[in-house]
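A.B. asks: Per my numbering, residue 27 is the first one in the sequence shown, and the count goes up by one each step. Glycine included, C-beta positions come from ideal geometry on N, C-alpha and C. Here's a structure for you.
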Amino acid sequence: MEFGHRQALTDDERIGWLRLIRSENVGPVTFWHLLRHFGSAADALDALPDLSRRGGRTNPVRIASVAAAETEIGATRKAGARLVAAQEPDYPWRLATTEDAPPVIAVRGEAALASAPVVAIVGARNASSNGKRFARTIAQDLGAAGVTVASGLARGIDAAAHAGSLESGTIAVVAGGIDVCYPPEHEELMEDIARRGAILAEQPAGTKPQGRHFPRRNRIVSGIASGVLVVEAAARSGSLITARCAGEQGRDVFAVPGSPLDPRCTGANGLLRDGAVLTESAADILQVLQPGLREPPDRAATAEPAPDAALQAADPEVADARRSLADFLSPAPTPIDDLVREFGDDSAAVAAALLELELAGRLERHPGNRVALVAV
Numbered sequence: 027m028e029f030g031h032r033q034a035l036t037d038d039e040r041i042g043w044l045r046l047i048r049s050e051n052v053g054p055v056t057f058w059h060l061l062r063h064f065g066s067a068a069d070a071l072d073a074l075p076d077l078s079r080r081g082g083r084t085n086p087v088r089i090a091s092v093a094a095a096e097t098e099i100g101a102t103r104k105a106g107a108r109l110v111a112a113q114e115p116d117y118p119w120r121l122a123t124t125e126d127a128p129p130v131i132a133v134r135g136e137a138a139l140a141s142a143p144v145v146a147i148v149g150a151r152n153a154s155s156n157g158k159r160f161a162r163t164i165a166q167d168l169g170a171a172g173v174t175v176a177s178g179l180a181r182g183i184d185a186a187a188h189a190g191s192l193e194s195g196t197i198a199v200v201a202g203g204i205d206v207c208y209p210p211e212h213e214e215l216m217e218d219i220a221r222r223g224a225i226l227a228e229q230p231a232g233t234k235p236q237g238r239h240f241p242r243r244n245r246i247v248s249g250i251a252s253g254v255l256v257v258e259a260a261a262r263s264g265s266l267i268t269a270r271c272a273g274e275q276g277r278d279v280f281a282v283p284g285s286p287l288d289p290r291c292t293g294a295n296g297l298l299r300d301g302a303v304l305t306e307s308a309a310d311i312l313q314v315l316q317p318g319l320r321e322p323p324d325r326a327a328t329a330e331p332a333p334d335a336a337l338q339a340a341d342p343e344v345a346d347a348r349r350s351l352a353d354f355l356s357p358a359p360t361p362i363d364d365l366v367r368e369f370g371d372d373s374a375a376v377a378a379a380l381l382e383l384e385l386a387g388r389l390e391r392h393p394g395n396r397v398a399l400v401a402v
């Protein structure tokens with residue numbers, strides 16, 4: 027997204043943004059392409075049926091209604107939260123700089139915490155007692171240094187990090203709706219965070235978290251922070267997804283070394299081998315992140331519409347690219363940069379064809395600027 031002025035949406039604009047991102051097959055990346063090209067969510071909504079047909083869809087694409095948007099706004103308010111759009115002042119400014127920033131998030135509590143200095147702490151759900159004690163201590167120390175701690179409200183390291191930073195300020199990013207506590211035993215902790223910190227959610231109020239929601243949650247945890255600390259993580263864990271998102275977003279990755287005999291430390295030790303910053307105290311984090319940790323919010327990127335090359339390409343070139351992509355792609359994610367090189371560097375035609383295929387439900391986007399055909 028482009029740097030620019032941040033201002034509140036009108037009620038009609040907010041409903042339009044919400045309808046667009048809740049419409050079928052519209053993810054954050056496609057949302058921003060559409061908004062930049064058409065200039066408004068209302069005009070983008072009008073264009074969705076034609077774009078999806080061009081991508082090969084035969085039945086009508088489901089477009090979220092005004093009534094559905096108004097119902098979600100009401101449910102969010104009933105939960106004691108509010109919806110904040112990415113171009114508004116209360117939206118976390120670091121998150122706004124990411125390519126797949128959620129256009130709208132629900133915020134309960136003190137939104138300003140997400141625009142203060144933030145470090146994320148994540149780790150194993152079945153964490154060791156030493157790991158949880160370390161996470162709690164380093165969260166306290168970061169808080170004492172004026173840093174807000176973010177995490178994902180999960181069991182183990184996440185919960186310890188939240189508990190250690192309740193006094194100084196903590197942010198919980200939840201995988202489901204703003205009014206749904208997961209895991210259920212963290213209901214009291216979630217209420218404490220809502221009173222003394224902030225809770226963020228991308229999914230609509232009332233949404234029970236599903237497996238696909240957690241990687242999306244993880245990229246928000248890393249996106250609101252200047253750096254991510256992994257305390258304990260197995261070889262294949264959600265914490266490593268958060269660390270990968272952090273690297274893709276240009277955030278610093280920190281890791282606590284652990285015993286090679288403990289499988290809960292395999293992932294963190296692997297991050298250290300790959301270049302993560304070895305961390306034994308809050309000072310190790312602060313030394314790396316300062317002074318950028320306190321970069322002023324007025325430098326944030328915003329969603330100011332601007333012409334978008336993805337929808338400027340001529341129809342014949344887009345049609346050719348669409349046919350070629352449908353043959354070339356597979357259910358295995360492929361970097362978009364590879365596609366552009368494969369098809370003669372016509373990036374505008376490739377981007378337009380990818381957008382149409384996604385709106386038709388034939389393609390899905392993956393972290394790291396990769397795409398894959400939807401398996402049927």
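#1: Please classify H239 as buried or exposed, where buried requires at least 16 other C-beta atoms within 10 Å of its C-beta.
#2: I'd like the list of long-range same chain contacts for E213, defined as Cβ closer than 7 Å, with 5 residues on each side in sequence excluded.
#3: Which of the three DSSP states, helix, strand or coil, is assigned to P331?
#4: Could you give the first and the last residue of the continuous beta strand (DSSP E) run that contains H392?
#5: Inspect the beta-carbon positions of P283 and C271 and report whether they are closer than 9 Å.
#6: Does DSSP put A180 in a helix, a strand or coil?
#7: Ignore the nearest five residues each way along the sequence and tell me which others in G318's own chain have a CB closer than 7 Å to its CB.
#8: Assuming I415 and A95 make a contact with CB atoms under 8 Å, what is their CB distance in whole Å?
#9: On the three-pair Cβ rule with 8 Å, is the stretch 123 to 137 touching the stretch 191 to 207?
#10: With distance defined between alpha-carbon atoms, name the residue in P357, I99, G182 nearest to R40.
#11: Cα-Cα, which of V144, S263, A352 is closest to N152?
#12: What does the Cβ neighbour count give for E28, buried or exposed, with the cut at 16 atoms within 10 Å?
#13: My guess is that V145 and I311 are in contact by the Cβ rule of under 8 Å, so how many angstroms apart are they, rounded?
#14: Report the residue from L287, G195, N156, V200 whose alpha carbon sits nearest the alpha carbon of G182.
#15: Tell me the DSSP bridge mates of F57?
#16: Return the chain-ordered ranges of every alpha helix (DSSP H) run that is complete within the stretch 145 to 228 and spans a minimum of 4 residues.
#17: For A127, which three-state DSSP category applies?
#18: Can you find the residues in the same chain that come closer than 6 Å, C-beta to C-beta, to V55, ignoring five residues on each side of it along the sequence?
#19: Buried or exposed: which applies to A231, given that a residue is buried once 16 or more other Cβ atoms fall within 10 Å of its Cβ?
#20: Say whether the stretch 348 to 355 touches the stretch 38 to 52, bearing in mind that this needs 3 or more beta-carbon pairs closer than 8 Å, one atom from each stretch.
#21: Let me know if Q467 comes out buried or exposed under the rule of 16 or more other beta-carbons within 10 Å of its beta-carbon.
#22: Measure the alpha-carbon distance for K104 versus A347 and round it to whole angstroms.
#23: Secondary structure at G249, three-state DSSP: helix, strand or coil?
#24: Name the residue from A107, E228, A171 whose alpha carbon lies nearest to the alpha carbon of R221.
#25: Tell me the rounded alpha-carbon separation between R83 and L192.
#26: In this structure, how does DSSP classify G422 when only helix, strand and coil are distinguished?
#27: What do you reckon, are the CB atoms on L226 and A345 nearer than 9 Å?
#28: How long is the line joining the alpha carbons of H59 and P286, rounded to whole angstroms?
#29: So what does T360 bridge to, in DSSP terms?
#30: Going by other Cβ atoms of all chains shown within 10 Å of its Cβ, with 16 needed for buried, is G301 buried or exposed?
#31: Would you mind working out which of S194, G178, L255 sits nearest V200, comparing C-alpha positions?
#32: Which residue or residues does DSSP assign as beta-bridge partners of V256?
#33: Which partner residues does R134 have in the DSSP bridge list?
C.D. replies: Checking against the coordinates, here is how it stands:
#1: As a first step, residue 239 must be located in the sequence shown, where it is residue number 213. Classified as buried, H239 has 16 or more neighbouring CB atoms from the shown chains inside 10 Å of its CB.
#2: In the sequence shown, counting from the first residue as 1, residue 213 sits at position 187. Around E213: C207.
#3: Your numbering for residue 331 matches position 305 in the sequence shown. The pLDDT assigned to P331 is 40, lower than 50, so where the model puts this residue is not dependable, and the model offers no usable value.
#4: Against the sequence shown, residue 392 aligns to sequence position 366. Segment 389 to 392, the beta strand (DSSP E) holding H392.
#5: In the sequence shown, the residue the question calls residue 283 occupies position 257. In the sequence shown, the residue the question calls residue 271 occupies position 245. Contact annotation: P283 and C271 have beta-carbon atoms that are not nearer than 9 Å.
#6: Counting from one through the sequence shown, the residue named residue 180 turns up at place 154. Coil.
#7: For the purposes of this step, residue 318 is taken as the residue at position 292 of the sequence shown. Spatial neighbours of G318 in its own chain (CB-CB distance under 7 Å, excluding positions within 5 residues in sequence) are listed in chain order as S252.
#8: Since the first residue of the chain shown is 27 and the last is 402, residue 415 is not available in this structure.
#9: The stretch 123 to 137 makes contact with the stretch 191 to 207: 3 or more CB pairs, one atom from each, lie closer than 8 Å.
#10: Walking along the sequence shown from the start, residue 40 turns up at place 14. With distances taken between Cα atoms, R40 lies closest to I99.
#11: Taking the first residue of the sequence shown as 1, we reach residue 152 at position 126. If we check each option's Cα against that of N152, S263 comes out closest.
#12: If you number the sequence shown from 1, residue 28 lands on position 2. Any answer about E28 is weak, because its pLDDT of 47 lies below 50 and its placement is not dependable; what the coordinates show is given next. E28 is exposed by the Cβ-count criterion.
#13: Residue mapping note: residue 145 aligns to position 119 of the sequence shown, counting from 1. Residue mapping note: residue 311 aligns to position 285 of the sequence shown, counting from 1. Between I311 and V145 the Cβ distance is about 6 Å, and since that is below 8 Å, they are a contact.
#14: Taking the first residue of the sequence shown as 1, we reach residue 182 at position 156. Of the candidates L287, G195, N156, V200, the one whose C-alpha sits nearest the C-alpha of G182 is N156.
#15: Position 31 of the sequence shown, counted from the start, is the residue given in the question as residue 57. DSSP, once it has assigned bridges, lists no residue as partnering F57.
#16: Listed in chain order, the complete alpha helix (DSSP H) runs (minimum 4 residues) inside the stretch 145 to 228 are 155 to 170, 183 to 190, 213 to 222.
#17: Start at 1 with the first residue of the sequence shown, and residue 127 comes out as number 101. Correct three-state label for A127: coil.
#18: If you number the sequence shown from 1, residue 55 lands on position 29. Counting only residues of its own chain and dropping the five nearest sequence neighbours on each side, V55 has a CB closer than 6 Å to the CB of D126, R391.
#19: Translated into the one-based positions of the sequence shown, residue 231 becomes position 205. With 16 or more neighbouring CB atoms inside 10 Å of its own CB, A231 falls in the buried class.
#20: Taking a cut-off of 8 Å for Cβ pairs, the stretch 348 to 355 and the stretch 38 to 52 do not touch, as fewer than three such pairs fall below it.
#21: Lying outside 27 to 402, the shown extent of the chain, residue 467 is not represented and no answer is given.
#22: By one-based count along the sequence shown, residue 104 stands at place 78. By one-based count along the sequence shown, residue 347 stands at place 321. Going by the C-alpha atoms only, they are around 46 Å apart.
#23: In the sequence shown, the residue the question calls residue 249 occupies position 223. In this structure, G249 counts as helix in the three-state DSSP scheme.
#24: Counting from one through the sequence shown, the residue named residue 221 turns up at place 195. It is A107.
#25: Counted from its first residue, the sequence shown places residue 83 at position 57. Counted from its first residue, the sequence shown places residue 192 at position 166. Straight through space, the alpha carbons of L192 and R83 are spaced by roughly 49 Å.
#26: Outside the displayed range of the chain (27 to 402) lies residue 422, so it cannot be described from this structure.
#27: Within the sequence shown, numbered from 1, the residue matching residue 226 stands at position 200. Within the sequence shown, numbered from 1, the residue matching residue 345 stands at position 319. With contacts defined by Cβ atoms closer than 9 Å, L226 and A345 do not form a contacting pair.
#28: One-based indexing of the sequence shown puts residue 59 at position 33. One-based indexing of the sequence shown puts residue 286 at position 260. Looking at the two C-alpha atoms, the distance is approximately 45 Å.
#29: Taking the sequence shown and counting its residues from 1, the one referred to as residue 360 is at position 334. T360 pairs with V397.
#30: Position 275 of the sequence shown, counted from the first residue, corresponds to residue 301. Exposed is the call here.
#31: Start at 1 with the first residue of the sequence shown, and residue 200 comes out as number 174. A check of alpha carbon separations from V200 across S194, G178, L255 identifies G178 as the nearest.
#32: Residue 256 sits at position 230 when you count from the first residue of the sequence shown. According to DSSP, V256 bridges with V148, A281.
#33: As a first step, residue 134 is located in the sequence shown; it is residue number 108 there, counting from the start. In the DSSP output, where bridge partners are listed per residue, R134 has I225.
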